[in-house]
Each structure stands twice: as structure tokens, then as C-alpha cells.
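Asker: Chains as they are written, first to last, in my numbering: chain B, -8 to 434; chain W, -8 to 434; chain U, -8 to 434. The structure under discussion is supplied below as C-alpha cells; questions concerning it will follow.
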Amino acid sequence: VGLAIECHADEISATENRIEHLERELQLQSSELQQLKQELRLETSIAKIDDGSIRYDRGLILTPGDGSNTPFSLKVNGWFQFRHHDFNSHVESWTDNAGITHPVENRNAFDIERARLVLSGHVLDERLTYFTQIDGDTDGGHQLDFFDYYWAWKFDDSFSIQVGKRKVSASRQWLLGARRTRLIDRPMATDFFRPDRTVGIWAVGDLPGNAYYELMVGNGYRTANLPETSTDDRLTFAGTSYLDPLGDYGNTLDDAKDRDSLLVRVGHSFVYSPTSEATGGSPLPETNFIRLTDGTRLTDTGALAPGVTVSDVDIYFYSIDGAFKYKGWSFDAELYLLWLEQLKGDAALPMTDLMQHGFYVEGGRFLIPQKLDANARYSEIDGFYGRGREIAAGLNYYPLSNPYLRLSFDVTRVIDSPLQNTSSDILVGDDGLLFRTQVQAEF
Amino acid sequence: VGLAIECHADEISATENRIEHLERELQLQSSELQQLKQELRLETSIAKIDDGSIRYDRGLILTPGDGSNTPFSLKVNGWFQFRHHDFNSHVESWTDNAGITHPVENRNAFDIERARLVLSGHVLDERLTYFTQIDGDTDGGHQLDFFDYYWAWKFDDSFSIQVGKRKVSASRQWLLGARRTRLIDRPMATDFFRPDRTVGIWAVGDLPGNAYYELMVGNGYRTANLPETSTDDRLTFAGTSYLDPLGDYGNTLDDAKDRDSLLVRVGHSFVYSPTSEATGGSPLPETNFIRLTDGTRLTDTGALAPGVTVSDVDIYFYSIDGAFKYKGWSFDAELYLLWLEQLKGDAALPMTDLMQHGFYVEGGRFLIPQKLDANARYSEIDGFYGRGREIAAGLNYYPLSNPYLRLSFDVTRVIDSPLQNTSSDILVGDDGLLFRTQVQAEF
Amino acid sequence: VGLAIECHADEISATENRIEHLERELQLQSSELQQLKQELRLETSIAKIDDGSIRYDRGLILTPGDGSNTPFSLKVNGWFQFRHHDFNSHVESWTDNAGITHPVENRNAFDIERARLVLSGHVLDERLTYFTQIDGDTDGGHQLDFFDYYWAWKFDDSFSIQVGKRKVSASRQWLLGARRTRLIDRPMATDFFRPDRTVGIWAVGDLPGNAYYELMVGNGYRTANLPETSTDDRLTFAGTSYLDPLGDYGNTLDDAKDRDSLLVRVGHSFVYSPTSEATGGSPLPETNFIRLTDGTRLTDTGALAPGVTVSDVDIYFYSIDGAFKYKGWSFDAELYLLWLEQLKGDAALPMTDLMQHGFYVEGGRFLIPQKLDANARYSEIDGFYGRGREIAAGLNYYPLSNPYLRLSFDVTRVIDSPLQNTSSDILVGDDGLLFRTQVQAEF
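Put into C-alpha cells, the structure is as follows:
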């Protein structure tokens, strides 16, 4: 028994040692564990310092880190449209209504039709947003200007106030961005009748049932970059709205996604823009852009009557638009009505008002979904003094299967153009064949 | 006993097993602990790669990560001033000193008075800084230009050298940023007498006892955007300094913070700007801006004598300014003296020098601290040829209780304005009531 | 024995307790360990969200985080050249070939000669790149324009297609960036003969054996910022190539690094640029820049024959260039040949073609490596109508021992300048001493 006990005592002592060793080990591990815990806490608090982020999501998006307690965001975009155009004139000249003959020349040139930088975001409050678009195209001698610059306060989805410079709220085709147009360039009729940008105040928002509206009061119908001394003391009012009865139409005309359900958009727009003469009876640059349907500038001496210069005119514009898309096919059209009222000149005029009108229809189909589409267009400008027409067909190729890089080619038969528009390279008096080959890219 | 021992042996064997199990467990935990430790070390080293940061602190601040061994910082700011102005003229025309009558018209228009983008920071060395301000307002047809563009080397707080384009160092009110002015627009007297921006070299810095100085040599008094071929070979010198005897006045005129202690700033400025005629005796565009106190442009033929055109003039400018703020009240004033010396023309002039002078006084009070203030102003321009005056009152409302978003309204009685200044919408010959409603926002 | 057993039972019970305690402890630690593990996993996944990065590496580089699945990069650069120039004329006037006398005046002025912002990077695909350079210097009244704006698709190192606006591919000295030129300003002969920027299409790439080529078709020889209506329907073709037979020459002319091995670059360039008259026979602005070697503008009435105005000219340009650098020394030269062919006017001209030529040679040495260099230059413009010359010497000081901040001074003896170039401040008719002191800085 003594031996057994001896032996047990030995065993117990060995067990004791092992337990003591275990206890020491456990103690050690425990302290290591505590240390690790602390390190992890420290690490976590370091990692939690948010240094802001840079993302690319259809634009470079800069978001400040948590440390900034002022709401802020900035998105940077840029886009680019490069064109070669070749115009083969069928005529040598055109004669305006005042009897002056102007040459019509062949053209063959490259140009950067659109070169844009866009900065947008919000600041101070999620509801306070800014939008700046800088342009510097070849038509403007590559000089940079603020194409758009407005700030807005968003009360809710149905009501935002915008102040600054942007597009006058009229004509669906005009309000569509130039990266979303069907043949890159807008129809001749649209460019003839549409307003331009102006400085003013806008109310915009959604209406119940996939509808949208814009209302505006601003300086003028086409006072985009005119300094204020070239405008008068009468303001311009405009409004537009559309409805998508079968669901949201989206922001593209075409049906790149080959959808199975029919989508429809219908809308209309109006503008009222009175202008008055400068002191002394000479017309203001604000009305310089208006042309008769034969291309004569309204304010040129002799435009309406020999030796008489128009000085005063009130513009009324109304348009109706419609569009649908279905299974790769798409179609859109707009009808334009323009009344020139209260015409006054420095002598008697043969009329006190004049109505001019026009329309375009265009449609297309994706031949290879998201990759290649074919399109056609007809547009017409009509009135007492003449008629201009345009028949066009073209292809768009999207090499990366997305809308952000596009090669485009179109051939357009222009007949008696009353439009002077360097941005589509259709000039007044043009009668001939126009070939345009273009690249659009954006970031 | 045998049983007892047996029983003990069983117990000991069970204990043994438990200890062995513990040892294995401990071993396992230890290895897990080691692995965790390593992972944490790895994690830490990854987290320590500094990828730079984006913060918003009164501007978007981009800081490169540690990997960049070149000192660099970039701050992006933008600001915006939108205005509606309505001018009701009490007169139909004004007649200048050469006998020519000019119409004065009512005006009613929106404009973007200031549309700015600012990039600033340092590069290569903490002491090498850059500052670029781009503007594209309605007055300039929304064309973008570099309003300011200078680089600087800072030796210490008391001495920096700046080279490039910025404001000529004279007139406290003119040197104050347009986001910090009392009624948004500067007094009529300031805009009449003040210099403009120029290209040149500046020395700026602090002086002992809350004081500050600027010294400058540059191209001219008002040669902001004139290309060099429109300037002469004589340089312009200017300087300004101020003292805050009761402590730092800060960069705002008003007392938004309703402070208990009186703050005072006093200062003065001078400019010497000689100009010489272009070959052939015709005046250079550099002197085009100078007007007599009845509004006649100095370089117009007949301004000083029938049929005579002024071609040469040396400008001396001196101003004294003072301001205080206390318990929500604030007040500031500046006196202007302008000597036109060494007058020469293409025939005999009735005088060889002419002194014109003016001043403004303005004050205001916060009605609701940081939210709403009311202000009033009187300014006067006086000289041999006439006197122009301005009496104004207005309100500023800060909806977010900070100075970065401001709505402002003022009504100004303008009497015989000799000033032509589209940026405050006070034009030469104006005599009537001017209403300005404005929004200022910045990021 | 009973006691012993009792005692043992006690011991065993104590051991039991210790083991139980150990087991509890181990259990606790194990669960802590598991928790820690989970926290670390969580932490790791958080840390692995890549928020993008900001680096400075000769420009501010913004890289979006992993979350962006669109390839994108943006690099922001800015640079600045500030100059004081003082021209002391030795003559009072110069007379052109049409017999008209023009004054030559002393000049003393500051200007911002170059004020640039550059945005570049790729988007959508690594091969799709963009490059935008904005300028707003004093010569252009600080107005901003797109100096360069092109997009490119890189097939491989040997072939990229660029579309947009950039330099016409001719003259080594002209294609060299203005931050890499020897005396900051280019030689008088280069500025007289070189083309400008244009809008068009380029093919560029490497050739085997340290060689490089560019080929171009574009609107014109000097149509940089001319709107399209000022250009004709005939395109311009250009090409250039160089070879570095002893290894890559790098992008600097000088040998700041004091290298032991000789480096050599040889190359040549050509341009063919036909122009045709506008309807009615008047010359187009596109040819306005061409001058005879006595400074007469080719399209001025009377330039070639009394009363006759040149309307049509085809330009052929050819140049050969060479350069070497070795042990701190460097040298470069270019020879220019310009043929004006198919000259037509509104009446008979005494010639149908005219050849004008010129060259420059320049060299320099680093006196203190990477810190201070000294340079000298001679250039000459020669032809039937006259000869202009330039002899220059100057110093560059690099205070931070890198090329990104440079102070430069040169003195130039100009003799009978036929060049009108505000960007080097050498104007037509200049005969005298020109001192230029400049600062260049970049980020």
C-alpha cells in the first residue's frame, strides 16, 4: 500500500506539474489574446477613418470621407464628338427674299462638334445641387464657355427650383441630350424652330403616372451667350410636359435592349417670347436668329418689304411630340408651329403676323442588339416664303456594345435649307448631298 | 484499500485524460492564436498603405497618399451668383460733355453675375503655391477666362512673392471678395474709382500687431484681360495696408456672430499708373475706362474740349478706409481721391490735370443672428463735371445659418450715374430705381 | 492508509477543481478566439473594399476603386509661364513690300505666357484614351480655349489613331513641348516656318530601332482656332519621323544628367497644304499668317505686286533636324524649306511660286548639374524679299534641382524680324535688344 501510495504521490505530483504548466500556458495565451484584442480594436478604429472614395459610375464620382460634416458630392464627366463632313452642293448660290444672292460652297472638313466637361453634385444640403457644363467646340473657335450653369433646390420629386443657365423648356427633340439623338444631329426642322439656352428660373418635377413637367421664365428665346445689354426688358415664358402611359420610356429614343413590351411617350411644349426694339428702332440681336422659310433673316433690311427693317416681334411656339419603341424598333416625331406676331418695322409692313410650321418623322431598328442600328428620317419646314426638306439615312455602330462609344455615318439629301446651323453643318441655302462620319465618346 | 486504490487509479486515469485533452486544446488554441496574429500583422500592413484622401472643408480637398514623395495639394471650389434686376428709369436720356445724347432704358433681366471655378494648392515644395480662378458670367457672354492665375513662393508669414494675374493692390472694398460684401454689389463710388486686375508681381505679408501689407508692380490700372499689344511700356505701382488695433477683424464686414468686444480696422491704399499714347497720338484701350464725373469717357473726342481727343494721362489714386463691428452692428467707409495728371491730347486742352473724388458709408445689423441682416448705404462721386449719388437699403437672408448660401434683396436710388458697370447693373446715365434680387451659393 | 487516502482524496479533489477551472478558462478563451477570428474576417472584408486612390506622380492621378468595373483613369496637370519682357528698339519703323510704314515701339510688360490645365486618361477600355489641354494666356486676353482635345485608340505601340485637335505633325522643335525647349521660347526661324494646331486624324507609333512616326490629315496649316467657316474644302497632309541610333534620346534637349554615352536624334518632316480662295476671290483667314521674309503679310494688297491681292496658295514644307547630347553638353538644329506654289491673285502676279528658307542652331552646357545651364542660339530666315536674324544667349536656373520649376533669363539681338509672334514677344519689324525674364512652374 505504501508503494501504491508512493506511486500515486508521484503520479499526483506529475499531474500537478502538468496542470501547473497548463495554467501558465493558459495565462500566457490569455494575455496574448488580450493584446491581440487591443491591436484589433486599434486597427479597427484606424480602418474606420473614412478617407473618402473615388468611383467610376458613368462619370468619376468623388465622395468626401466621414470626417467632413458638410454634405458634398462631385461627379466629373467629359464627352467628345468628332466629325468629318463633306457637302456636295447641287447649286452655286441662293437668293434671299430681299433679292440678295449668296454663294453656296462645297465643304470638306473635320471638326470637333462637341467638346464638353461636366461638373455636377450637391453641397451644404442634399437638396442643394449644382450642374456646370463647359463647351469648347470648333464652331466657337474652341473657346470655352459655360453651356449650362445652374443651381437647384429640390423640395421633392414633384418640385425642384433651378436658377441659372440651361435650355429653354420646349421641344422634346431639343431637350434630348445630343448623346441620345438618333442620327447624332437633330432634324433640320427641329434646329429651325427650336429655342436655345437662356438665363432664368425653372420649376421641374414628376407628375402622377409616369409624367414630367418643366415651367420656365427667362431672358429670351435664343439668348444663350448674348450679354445682357443685347437683351430687352421683356421676359420669355415656356413649358413642356410628357406622359409615358405604358411605363417609363427611359432616356433613349432607340430600343437597344430589344424589349418585349411596347413603350410610348406623348407630350407637348409652348413658348411665349415677346421682344421689343432697341431705342432708335433697330432690332436687337435677340431676334437675329429668326429666318423666313426661304432662309431670309427676318431682321435683314428688305426681308418682308423693300427697304424696311423689322424691329419688333412676339414669338409664339407650340409643338406636339410622340414616340414608341418595341422589339428593337423605334419611332419618334414632332410637329412645330411658330407664330411671329405684332410685327413692326421702321416703315409699313405687308403683314402684322406670320405663321411658319414644320415637322420631322424618324425611325430605326437595331440590326445587331446593342451593337448596330439603322435609321431614317424625313423633316420639312414650310411657310409663306418657301419650303425646305431633308431626307436622311444612317447607321450607328457601338464597338463596345454600350452607348458610350459610337461611330456614326449618315447621308442626307438637303433641299432648299432655310436653316443656318454650324452644329449640324447644314447652312442656309444648302441644296445637295451631305455625308457625315462621326465619333462620339464619353467618360 | 485495494478498492480505494483502484478507485483512485481510475480517478487519476480520468484526470490524466482530461489533462491530456486540455493540453491538446491549448496546443490547438496556441496555433490558432499564432495564425490570427500573423493575419492581423498582414492586415495592418495592408491598411497602412495610404491611398490619399478626399475631404470637404469649405472646398473639396484632394490629398495624395504617402506613396507620393512630392508635396502636393489641390482644393476645388465653385461659386455662383444669380440675379434678377429691374431698373425703372426716371429719365429718357443723358447728354455727355461732348454734347452727345445717349438713351437710358428700363431693364428687366436675369443674369449669372458670377460663375466661378477655383483650383488652388501647393506643389513640389510647401512654399510653392498656385491659385487659379476661372469666371464665365453673363456679362462676358458666358465665355470662360482666367480671372486670377498666380503662383507664389512663401518665405514666411511676413513675406510672399506672387507672380501672375490678380487684383491691383488698392481699395479695401475692391480687395474684399464679392462673397463677403455687404449688399453683394459694391458701392457705386468704389466701382467708379477702383482699379481692376492686372499681370505683375506682388509682395504680400503680415506686419507686427495684426497688420497686413501688399505692394505691387504690374502692367496697368485696368488691364485685366487686355492683350499685351493694347498696353504701353510704362508700369503701374500700387500698395495697400491695414491695421486691426483691437484684434483680428476677420474676413467679413458684418458681425454675424454678435460679438461682445469692439473690432476695428483702418487702412489706406495708393496707385501710380502712368500711361502713354500709342504711336500716332491715339489713346490706348488701357485708358478707355476713365470717365468724367458726369459719365463722359475721358478718351472720347470732345470730352474735355470740342474736337480734341485725350491721348495721355497719369493716374494717381489714394484711399483711406475704416470699419468697426460690435454686438451685431457693423459699419465701414472708404474715401477715394483720383488725380488725372499730365493730360495731353491731339490739340490744346483747357487743363493739364483734373481731380475727382468720392466716398461711401455703409452699415448694418443682424436682426436674427447668422440668419437675417439689414443694411443701408450712401455713396457719392464728385468732381468738376458733375456729381453722381446712390442711396441703397437691403436685406440678406442665410437659410442654412451659414454664409455659404445667401438670398439678397436691395433697392437702390441711383442719381446721375457716371459709372458704366454691368457687374452691378448700374450703367452710365442711370437715374431711377434699381431692384436687385440675388442668390449666392458656393462649394 | 485511510488518512493517506483521505489526503489523496483531498489532493485529487483540489486537482479536479484546478482542471475544471482550466477547462472553463480554455472554453472561455476558445470562444474569445472565435469571436476575434470573426472580427478579423469582418475587418479584412471591410479593408478589402478598395475606395480608389489619389497619387501625385508628375500630375495628380485619380484611380477609381475596385467596385468600378469600367476601366478609367484621370490625371490632372497644370502649368504656368510668367514673363517680363523689355524690348529696346534700334529703329522707329519698318516698311513692308507694299510700301506701308509701320511703327516699331519699345515694350516693357509682364505677361502670363502660358496658363494651362491638362486632363488626360483612359475610359471604357485601356486602349481608349483622351487628352485635353486648356490654355488661357495673356496674348488671348486670358480667355480659355481647348488648345488640344483628342481621343485615341491604341492598337499597339506601333500604331495609334488620334482624332480631334492637336499640333500638325511637322518640325521637331515645334512638336517639342514648351516646358522642354532650351531657352523657353522657340527660335525665330521655327516660329516663322512652323505650322500650328489643326483638327484632323493622326496615326502615330514606334518604328523598329528607337524610331517614331506621325502621319496626319487635317483641316489646314494654321487653322488652330479658326471656326470652320473660315477654312476651305481642301485638306492638309503632314508627316514626321525620327531615329535615335544610339539609344532612346528622352524627351529633353539638354543633358541635365551629365551622361557618359553619346545620344543622337535625327529626323525630318513634311507638310502639303493646299488652300483655295473664298468665293469672290478674297483670301481666306487660313492663309493670313503667311509672311514674306521682310515681314509683309502675303495676303495684304500690294504684297507681291502693286494693287494685287493674293487669294490662292499651296504650301509645301520640308525640314531636317538633328541633335546630340554628351557629358552635360547638348546641341540641336533644324533646317526649314517652305515653297509657296500655285500663287494666284485678283490680277497678274510677277511670279507663280516663291521659296523661302531658314534654320536655327543652338547648344548649351550644364554648369552645375541639374541646377544651372547656359545656352546660345543663332537663327536665320532668308528669301527673295529679305533676311531676318536672331542671336541669343541665356541661363536656366532650377532651384529645386528638377525640371519642374525653372527661372530663365535671356538676351536676344533681333535683326529685321519678319515674324509676328506674341508668344515669344518678337513682333514684325523688330530690330533691337530683347530681354526676357521668366518663371515656369508645373504640377
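From the three backbone atoms N, C-alpha and C, an ideal C-beta is built for every residue, glycine too. Computed from a predicted structure; not experimentally measured.
(1) Which same chain residues end up closer than 6 Å to residue 379/W when comparing Cβ atoms and leaving out the 5 residues on each side of it in sequence?
(2) Excluding the five sequence neighbours on either side, which residues of its own chain have a C-beta within less than 8 Å of the C-beta of residue 130/B, listed in chain order?
(3) Do residue 158/B and residue 167/B have their CB atoms nearer than 8 Å?
(4) Do residue 57/W and residue 42/U have their C-beta atoms closer together than 8 Å?
(5) Among 73/W, 93/W, 111/W and 330/W, whose alpha-carbon lies nearest the alpha-carbon of residue 264/W?
(6) Helix or strand or just coil, what does DSSP make of residue 5/U?
(7) I want to verify the contact list: residues of chain B whose CB lies under 7 Å from the CB of residue 116/U, in sequence order.
(8) Nearest-angstrom Cα distance between residue 170/U and residue 138/U?
(9) When we look at the beta-carbon of residue 286/W and count the other beta-carbons within 10 Å, is it buried (16 or more) or exposed?
(10) I need the boundaries of the alpha helix (DSSP H) containing residue 182/U, first residue and last residue.
(11) For residue 88/W, count neighbouring C-beta atoms within 10 Å of its own C-beta (all shown protein chains included) and say buried if the count is 16 or more, exposed if not.
(12) Closer than 8 Å, CB to CB, is residue 206/B near chain W or not?
(13) Going by the CB atoms, is the gap between residue 301/W and residue 186/W shorter than 8 Å?
(14) Classify residue 45/W: buried if its beta carbon has 16 or more other beta carbons within 10 angstroms, exposed otherwise.
(15) Check for me: the alpha helix (DSSP H) holding residue 166/W runs from which residue to which?
(16) Alpha carbon to alpha carbon, how far is residue 193/W from residue 214/W?
(17) Examine chain W for any beta-carbon lying closer than 8 Å to the beta-carbon of residue 63/U, and answer yes or no.
(18) Please give me, in chain order, every unbroken run of the beta strand (DSSP E) with length at least 3 that falls completely inside the region 265 to 341 of chain W.
(19) Beta carbon of residue 359/U: closer than 7 Å to some heavy atom of the ligand FAD?
(20) At which residues does the beta strand (DSSP E) containing residue 431/W begin and terminate?
(21) Would you call the CB atoms of residue 337/W and residue 304/W closer than 8 Å?
(22) Taking C-alpha atoms, which residue in 163/W, 206/W and 24/W lies nearest to residue 242/W?
(23) Span of the beta strand (DSSP E) holding residue 492/W?
(24) Suppose only complete runs of 3+ residues qualify. What are the beta strand (DSSP E) ranges in the region 29 to 101 of chain U, listed by chain order?
(25) Taking DSSP's pairing of strands, which residues face residue 404/B in a bridge?
(26) Just to confirm, is the Cβ distance from residue 107/W to residue 69/W under 8 Å?
(27) Could you spell out the range, first to last residue, of the beta strand (DSSP E) harbouring residue 375/B?
(28) Given this structure, state the Cα-to-Cα distance separating residue 334/W from residue 184/W, to the nearest angstrom.
(29) Under 8 Å, Cβ to Cβ, is there at least one residue of chain B near residue 43/U?
(30) List the whole-angstrom C-beta distance separating residue 375/B from residue 345/B, where the pair is believed to meet the contact cut-off of C-beta under 8 Å.
(31) Would you please verify whether the beta carbon of residue 127/U is less than 8 Å from any beta carbon of chain W?
(32) CB residue 249/U to CB residue 362/U, shorter than 8 Å?
(33) So, residue 143/B versus residue 151/B, is the Cβ gap smaller than 8 Å?
(34) Residues of the region 129 to 159 of chain B in Cβ contact with chain W at a cutoff of 7 Å, in chain order, please.
(35) Look at residue 434/B and residue 255/U and say whether their C-beta atoms are less than 8 Å apart.
(36) Please compile the residues from chain B whose C-beta is within a distance smaller than 8 Å of the C-beta of residue 69/W.
Answerer: Working from what's here:
(1) So the list reads 372, 407, 408 and 409, once near-sequence residues are dropped.
(2) Same-chain partners within the cutoff: 102, 104, 413 and 414.
(3) Not a contact, by the Cβ cut-off of 8 Å.
(4) Against a cut-off of 8 Å, the Cβ pair of residue 42/U and residue 57/W comes out as no contact.
(5) Residue nearest to residue 264/W within the set 73/W, 93/W, 111/W and 330/W is 330/W (criterion: CA-CA distance).
(6) Residue 5/U falls in the helix class under three-state DSSP.
(7) The contact set of residue 116/U on chain B, defined by CB atoms closer than 7 Å, consists of 391 in chain order.
(8) Annotation: residue 170/U to residue 138/U spans about 15 Å, alpha carbon to alpha carbon.
(9) Only buried fits residue 286/W, as 16 or more other CB atoms lie within 10 angstroms of its CB.
(10) Going by DSSP, residue 182/U is part of the alpha helix (DSSP H) stretching over 179 to 184.
(11) It counts as buried.
(12) Chain W, which has no Cβ nearer than 8 Å to the Cβ of residue 206/B, makes this no.
(13) No Cβ-Cβ contact shorter than 8 Å links residue 186/W with residue 301/W.
(14) Buried, because 16 or more other Cβ atoms sit within 10 Å of the Cβ of residue 45/W.
(15) Start and end: 163 to 166.
(16) Going from the Cα of residue 193/W to the Cα of residue 214/W covers about 16 Å.
(17) Residue 63/U does not count as touching chain W.
(18) Here the runs fully enclosed are 301 to 317 and 320 to 336.
(19) Summarising the ligand content, the structure contains no ligands, and the ligand FAD is consequently not present.
(20) Segment 423 to 433, the beta strand (DSSP E) holding residue 431/W.
(21) Against a cut-off of 8 Å, the Cβ pair of residue 304/W and residue 337/W comes out as no contact.
(22) Put simply, of 163/W, 206/W and 24/W the residue whose alpha carbon is nearest the alpha carbon of residue 242/W is 163/W.
(23) A question about residue 492/W goes unanswered here, because the residues of chain W that appear run from -8 up to 434.
(24) Listed in chain order, they are 44 to 47, 51 to 54, 65 to 80, 84 to 86 and 92 to 94.
(25) Partner(s): 382/B and 424/B.
(26) Cβ distance < 8 Å, so residue 107/W and residue 69/W count as in contact.
(27) Where residue 375/B is concerned, there is no enclosing beta strand (DSSP E), given that its DSSP letter is neither H nor E.
(28) Residue 334/W and residue 184/W: Cα-Cα distance of roughly 18 Å.
(29) By this cut-off, residue 43/U is an interface position.
(30) Correct: roughly 7 Å between the Cβ atoms.
(31) It does; some Cβ of chain W falls within 8 Å.
(32) The Cβ atoms of residue 249/U and residue 362/U do not sit closer than 8 Å to each other.
(33) Against a cut-off of 8 Å, the Cβ pair of residue 151/B and residue 143/B comes out as a contact.
(34) Hits within the stretch, in order: 134, 135, 136, 137, 140, 142, 154, 155 and 156.
(35) Against a cut-off of 8 Å, the Cβ pair of residue 255/U and residue 434/B comes out as no contact.
(36) Listed along the chain, the chain B residues whose CB falls inside 8 Å of the CB of residue 69/W are 110, 121 and 123.
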